[in-house]
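Numbering (my numbering), first residue to last: 82 to 295.
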């Protein structure tokens, strides 16, 4: 499962219609270029691929103000919404040592009903516990990493990562159960997580150049 698809679908969905540079700016605003494979080339590739797959609808608009060729704006389709929610649910439940899927899912967790989000997070706890059990079949934390030589430090790291993941997930569950954030179907103004047209991106990696409006 690729985090880039989840991230791009989320950004386009929040805008309604967005061109590639807007999506790229949003992902940089979320810091995704630091913790995922959301680099410029992969973002534009994902947009084009998902348009071919019917998850996004491509609209060619007037030439960009930056002087480049006509830019393409993308709009999420019903199939795209269904794929977004499928990826979101899967990412909240699954557990591995790569943080990109979880972080991508956290950016869209409020698009689910509160009770469903809680159910998925509790399933995540079970996934973490099951994964930790597979490690401790070969490694006994109480004996320390020395039992396996320096390779034991890898097992030691994995167990600590699982324990941290459990503690963090339990904390998130408590916050959500306590009423934190506005979830789907609830009254209140949900937090807007994308940049408006022309809004400066405080985390931009470089200046805008002609052709960025793709």
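Where is the CB? At the ideal position from N, CA and C, for every residue including glycine.
Element boundaries [alpha helix (DSSP H), containing residue i]
i           : result
residue 153 : Careful: residue 153 lies outside any alpha helix (DSSP H), inside the beta strand (DSSP E) at 151-157.
residue 220 : No alpha helix (DSSP H) holds residue 220; DSSP gives it neither H nor E.
residue 123 : 121-133
residue 254 : 233-258
residue 52  : Beyond the ends of the chain as shown, which are 82 and 295, falls residue 52; an answer cannot be given.
residue 175 : Residue 175 -> no alpha helix (DSSP H), and no H or E assigned at all.
residue 104 : 101-110
residue 115 : 113-116
Spatially closest choice to residue i from the options, by CA coordinates
i           : options               : result
residue 170 : 132, 113, 121 and 205 : 205
residue 238 : 225, 109 and 113      : 225
residue 88  : 152, 254, 157 and 140 : 157
residue 276 : 103, 97, 243 and 91   : 103
residue 112 : 274, 279 and 278      : 274
residue 174 : 142, 211, 140 and 159 : 211
residue 250 : 236, 95, 207 and 279  : 207
residue 257 : 196, 278 and 234      : 196
8 Å contact criterion, which residue i and residue j should meet: CB distance rounded
i           : j           : result
residue 136 : residue 101 : Contact flag wrong, Cβ pair sits at about 15 Å.
residue 84  : residue 93  : Between residue 93 and residue 84 the Cβ distance is about 15 Å, and since that is not below 8 Å, they are no contact.
residue 91  : residue 188 : 6 Å
residue 186 : residue 172 : 4 Å
residue 176 : residue 209 : 5 Å
Contact set for residue i: own chain, Cβ-Cβ below 8 Å, skip 5 residues either direction
i           : result
residue 240 : 213, 216, 217, 220 and 222
residue 118 : 83, 84, 85 and 181
residue 269 : 263
Close beta carbons around residue i, own chain, < 7 Å, minus the five adjacent residues each side
i           : result
residue 116 : 180, 181 and 184
residue 266 : 194
residue 253 : 202
residue 123 : 85
residue 96  : 103 and 275
Beta-carbon proximity list for residue i, same chain, < 6 Å, skipping 5 on both sides
i           : result
residue 190 : 198
residue 131 : 137
residue 192 : 265
residue 108 : 88 and 119
residue 106 : 276 and 282
residue 140 : 154
residue 262 : 191
residue 247 : 209
8 Å Cβ cutoff, residue i in contact with chain B
i           : result
residue 272 : In the displayed structure, chain B is absent; only one protein chain is listed.
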